[in-house]
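Colleague:
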Amino acid sequence: MAESASPPSSSVHIDLTRDEKEIFDLLIKVINHFNLATHLCVAGGWVRDKDDPLRVLLAIRFGARFGFMLDEELKNAAIDENVRTALVDKASKERIGHEIDLMISGEQANDPVQAVTYIADLNLFWDVFSVGH
Numbered sequence: 001m002a003e004s005a006s007p008p009s010s011s012v013h014i015d016l017t018r019d020e021k022e023i024f025d026l027l028i029k030v031i032n033h034f035n036l037a038t039h040l041c042v043a044g045g046w047v048r049d050k051d052d053p054l055r056v057l058l059a060i061r062f063g064a065r066f067g068f069m070l071d072e073e074l075k076n077a078a079i080d081e082n083v084r085t086a087l088v089d090k091a092s093k094e095r096i097g098h099e100i101d102l103m104i105s106g107e108q109a110n111d112p113v114q115a116v117t118y119i120a121d122l123n124l125f126w127d128v129f130s131v132g133h
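Start counting the sequence shown at 1; every next residue gets the next number (the UniProt record's numbering).
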């Protein structure tokens, strides 16, 4: 009997071959071309994991990069006070800055305005762009 394939856990990094990346990029173009309603669906537990609070910023970056809307579950997790506190207390300014750099500049910054809008809409602006600590 064949084993059913399960999706990789959120902690698994998936490296795409050049051909797989081209297919993925084409899929995104088709979704955008036909203006299909797309969602960045991230399980709340994945974002609520306070061991890596940068997951909120990763979700925002990929949502803006690929033109996805943020799922309500993701939004609720992102505004959770425990996640916001972990982001401020556990994530280094360098790591936060790196994520912001990827959102607003370089090859991966398809829509930096949308990324900053997501940050503001989730009331994370002052947590992400704070001075001090």
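Beta carbons: idealized from backbone N, C-alpha and C, even for Gly.
In this text the structure is predicted, and so the values were computed from the model without any measurement.
#1: Touch check for the segment 63-81 and the segment 109-123: three-plus C-beta pairs under 8 Å?
#2: Are residue 55 and residue 102 close, meaning C-beta to C-beta below 7 Å?
#3: Leaving out five residues before and five after residue 125 in sequence, what residues of the same chain have Cβ atoms less than 6 Å from its Cβ?
#4: Exposed or buried, residue 83, counting other C-beta atoms within 10 Å across all chains shown (16 or more means buried)?
#5: Looking at the unbroken alpha helix (DSSP H) that takes in residue 115, where does it start and where does it end?
#6: Look up residue 54 in the DSSP assignment and say whether it is helix, strand or coil.
#7: Where residue 25 and residue 33 are concerned, what is the direct C-alpha to C-alpha distance, given to the nearest angstrom?
Modeller: Checking against the coordinates, here is how it stands:
#1: The answer is yes - the segment 109-123 touches the segment 63-81, with three or more Cβ pairs under 8 Å.
#2: Against the sequence shown, residue 55 aligns to sequence position 55. Against the sequence shown, residue 102 aligns to sequence position 102. With contacts defined by Cβ atoms closer than 7 Å, residue 55 and residue 102 do not form a contacting pair.
#3: Locating residue 125 in the sequence shown gives position 125, counting from the first residue. Non-local beta-carbon contacts of residue 125 in its own chain, meaning distances under 6 Å to residues more than five positions away in sequence, involve 119 in chain order.
#4: Within the sequence shown, residue 83 is the residue found at index 83, counting from 1. Residue 83 comes out buried.
#5: As a working note, residue 115 is residue 115 in the sequence shown. Element bounds for residue 115: 112-121.
#6: Locating residue 54 in the sequence shown gives position 54, where the first residue counts as 1. Shown here, residue 54 sits in coil according to DSSP, grouped into three states, outside any helix or strand.
#7: Locating residue 25 in the sequence shown gives position 25, counting from the first residue. Locating residue 33 in the sequence shown gives position 33, counting from the first residue. In this model, residue 25 and residue 33 are separated by some 12 Å (Cα to Cα).
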